[in-house]
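Those protein sequence lines, which keep their order, are chains A and B. Under the numbering used here, think of the first position of the first sequence as 58, with each following residue one higher. Under the numbering used here, think of the first position of the second sequence as 6, with each following residue one higher. Comments concern the structure below.
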Amino acid sequence: MTPKIELRGVKKRFGPKVVLDGIDLVIEPGSSLVVIGGSGTGKSVMIKSVLGIIRPDEGTILVDGEDVTHINGAARDRVMRKFGMLFQGAALFDSLPVWENVAFGLIQGRGMARKAARDIAIQKLAKVGLTEDVAFLSPAELSGGMQKRVGLARAIAADPEIIFFDEPTTGLDPIMADVINELIVSTVKDVGATTLSITHDMASARKISDRIAMLYGGRIIWTGPTAQIDQSGNSYVDQFIHGRAEGPIKMAVKA
Amino acid sequence: MNIFALIGRAVLSLLAAIGRLAIFTGRALAAMVSPPVYGRLFLQQVMRIGYFSLPVVGLTAFFTGGVLALQIYLGGNRYGAESIVPQIVVLGITRELGPVIAGLMVAGRVAAAIAAEIGTMKVTEQIDALTTLATNPVKYLVVPRILAAVVTMPILTAVGDSIGVFGGYIVATQNLGFTSATYLKNTVDFATNSDISSGLIKAAVFGFIIALMGCYNGFHSRGGAQGVGAATTTAVVSSCILILAADFVLTALLFHS
Chain A
58 MTPKIELRGV KKRFGPKVVL DGIDLVIEPG SSLVVIGGSG TGKSVMIKSV
108 LGIIRPDEGT ILVDGEDVTH INGAARDRVM RKFGMLFQGA ALFDSLPVWE
158 NVAFGLIQGR GMARKAARDI AIQKLAKVGL TEDVAFLSPA ELSGGMQKRV
208 GLARAIAADP EIIFFDEPTT GLDPIMADVI NELIVSTVKD VGATTLSITH
258 DMASARKISD RIAMLYGGRI IWTGPTAQID QSGNSYVDQF IHGRAEGPIK
308 MAVKA
Chain B
6 MNIFALIGRA VLSLLAAIGR LAIFTGRALA AMVSPPVYGR LFLQQVMRIG
56 YFSLPVVGLT AFFTGGVLAL QIYLGGNRYG AESIVPQIVV LGITRELGPV
106 IAGLMVAGRV AAAIAAEIGT MKVTEQIDAL TTLATNPVKY LVVPRILAAV
156 VTMPILTAVG DSIGVFGGYI VATQNLGFTS ATYLKNTVDF ATNSDISSGL
206 IKAAVFGFII ALMGCYNGFH SRGGAQGVGA ATTTAVVSSC ILILAADFVL
256 TALLFHS
């Protein structure tokens, strides 16, 4: 079966700093992969490389077997219609009301009439537990948890084949984080999408994934089923999932 | 540090900035001639850039016209040339001060607003979100602003020219002893179409510069609030400098013959 997403030897550096040093990753259709790793290890750069927001220096990125590493313009727009994304800070457009945020991809990306798009937006908001009156508020009037829910509704609005989640629970209290995790699991199941998430929240990673990969030193150092992460046999993975200061991963802390 | 290394680094940095601006301009121009066209956003920007700039442009044009009349009268008085006030006011306003004053005022108001808005969108990942929603950020954010600025700046300047000449007329007829009929006749007889059209052409170019620099600095802002603040300042300063430089070049080109 052709992988939904495949990264082959993807490298990216910013000046002298090597962020991605040959990433190889395969995501099968319908699977939910979570990439874990510490802050600044290049998780966001990896995800933005797949989306074409950052151009890798070397390597190949395939979506449904199509090389998308260097495509632009209409070809990029066509591929992007397969994607939905929930950003870390939700990244809602503060100049637009909530419903228009959710319907944005339908109106601008797919040319749907505003009325029909608004009806779909209200349905999607209901799926993430938000009532119709929220649809007409401004994003600035919402709490962090509600903004994440709106971001999730926007990510699933066009029933995408692939959904990316960038730190979906960061900045939320544990209960709201679990609510978001539940919503991710239920909505993804509903849409039937392939998902790629990046997080350093292990509770979230265990809940929303069926496979986990760990990024360290610009490379994927371990990948396997979520159920086996506690028996990975990898000292880096063990240190990370148990949140220990002692271990092979040394944090750069200036005295 | 080696002085040559410092100079070299500064030159390379300047060339890189020019290159980035040229690429950004090219992308914006290419996006203008390809669908889709965001008509609603264009009209929104016409209101923001054009309509809401009318008070500041009108007020500054009025006082500029009045001051110009006073200065020309006082200067001309030394040579017994006081009667030339209407001619110089209309020439100065339409050819030079109308478009330049409007350009500088709009640069201060609009370039800053554009850079702050787009810069905030950049640092909060809203521009990345546009890409993930299959929407070209340059087409969605830059093109409507540039088109609106290019269309509205000549209109703003035409209004500013009229108000500026009116300012000169008020001062001349109320304080300097000109009769209304003489002032208006001298103004209308002296001004030519090319005086007015050259100012409007300049205004369109200034509009392009203002929107481009606002968008460019917003798109290239980094970090958080400080980065957006720096982008805003740079947008205004670079717009003003480029407007004055473009004014010189355009004047040389338009009136070369």
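Yeah, the Cβ is synthetic: ideal placement off N, Cα and C, and Gly gets one too.
Own chain residues within Cβ distance below 7 Å of residue i, not counting five before or after
i	result
B/Pro142	Ile132, Leu135 and Thr136
A/Arg171	Ile164
A/Arg263	Thr283
A/Gly228	Gly201
B/Ala15	none
B/Phe213	Ile151, Ala154 and Val155
A/His299	none
Beta-carbon neighbours of residue i, restricted to chain A and to distances below 9 Å
i	result
B/Gln76	Simply none; closest approach about 44 Å.
Cross-chain neighbours of residue i in chain A, by beta carbon under 7 Å
i	result
B/Gln131	Ala148 and Phe150
B/Leu138	Phe161, Gly162, Gln165 and Gly166
Local Cβ density within 10 Å of residue i, reported as buried at 16 or more and exposed below that
i	result
B/Phe211	buried
A/Ile232	exposed
B/Ser203	buried
A/Gln145	buried
B/Asn222	buried
B/Arg83	exposed
A/Ala312	Note on A/Ala312: pLDDT 45, under 50, position unreliable in the model; the coordinate value appears next. With fewer than 16 Cβ atoms within 10 Å of its Cβ, A/Ala312 is classed as exposed.
A/Thr98	buried
B/Ile248	buried
B/Gly173	buried
A/Lys139	buried
A/Thr226	buried
B/Thr99	buried
B/Ala250	exposed
A/Val185	buried
A/Leu240	buried
A/Met308	exposed
B/Phe9	exposed
A/Asp89	Correcting the residue identity first, residue 89 of chain A is Ser in this sequence and not Asp. Label assigned to A/Ser89: buried.
B/Val38	exposed
Rounded Cβ spacing between residue i and residue j (contact assumed at less than 8 Å)
i	j	result
B/Ala74	B/Ala177	5 Å
B/Ser58	B/Met110	7 Å
A/Leu119	A/Glu63	4 Å
B/Leu102	B/Gly169	7 Å
B/Val42	B/Thr157	About 17 Å; that fails the 8 Å criterion.
A/Ile315	A/Ala160	Nothing about residue 315 of chain A can be read from this structure; chain A reaches only from 58 to 312.
A/Thr256	A/Val245	Not quite, the Cβ-Cβ distance comes to about 15 Å (not below 8 Å), so this is no contact.
B/Ala208	B/Ala107	6 Å
B/Val164	B/Gly70	Actually they are not in contact, since the Cβ atoms of B/Val164 and B/Gly70 sit about 13 Å apart, beyond 8 Å.
B/Leu205	B/Pro149	So it is not a contact: roughly 21 Å between Cβ atoms.
A/Ile93	A/Met271	5 Å
A/Arg167	A/Ala215	7 Å
A/Gly109	A/Val125	7 Å
B/Asp252	B/Ile201	With a Cβ gap of about 16 Å, B/Asp252 and B/Ile201 do not count as contacting.
Beta-carbon gap between residue i and residue j smaller than 8 Å
i	j	result
A/Asp81	A/Arg70	no
B/Thr192	B/Pro91	yes
A/Ser292	A/Val91	no
B/Ala112	B/Ile28	no
A/Val67	A/Gly122	no
A/Gly281	A/Asp78	no
A/Val102	A/Val75	no
A/Ala234	A/Ser261	yes
Residue i: contacting residues in chain B (beta-carbon distance under 9 Å)
i	result
A/Phe144	Thr129, Glu130, Gln131, Asp133, Ala134 and Thr137
A/Met137	Thr136, Thr137, Leu138, Ala139 and Thr140
A/Asp216	Within chain B, no residue comes near A/Asp216; the closest Cβ sits about 14 Å away, beyond 9 Å.
Close-in-space but distant-in-sequence residues of the same chain around residue i (CB under 6 Å, 5 per side omitted)
i	result
A/Ala212	Gly141, Met142, Leu143 and Ile220
A/Asn129	none
B/Ala116	Ile215, Met218, Gly219, Ala240, Val241 and Ser244
A/Val107	Ile118
B/Gly24	none
B/Arg32	Val143
Within chain B, the residues that residue i reaches when beta carbons sit closer than 8 Å
i	result
A/Gly320	In the structure displayed, chain A extends from 58 to 312; residue 320 of chain A sits before or after that span and is not available.
A/Lys105	Asp133
A/Asp121	None at all; the shortest Cβ gap to chain B is about 16 Å.
Cβ-based neighbour list, residue i, same chain, cut-off 8 Å, excluding 5 preceding and 5 following
i	result
A/Phe193	Pro154, Val155 and Trp156
A/Ala148	Gly208
B/Ala36	Asn141, Val143, Lys144, Val147 and Val148
A/Glu224	Gln145, Ile255, Thr256, His257 and Asp258
B/Gly232	Gly124, Val128 and Ser226
A/His127	Arg112
Beta-carbon neighbours of residue i, restricted to chain B and to distances below 7 Å
i	result
A/Phe222	Those do not exist, as A/Phe222 stays about 12 Å from chain B at its closest Cβ, beyond 7 Å.
A/Phe140	Thr137
A/Asp114	Near A/Asp114 there are no residues of chain B at all, since even the closest Cβ is about 18 Å away, more than 7 Å.
Distance cut-off 7 Å: residue i Cβ against heavy atoms of the ligand HEM
i	result
B/Phe213	In the structure on display, the ligand HEM does not appear, and there are no ligands present to speak of.
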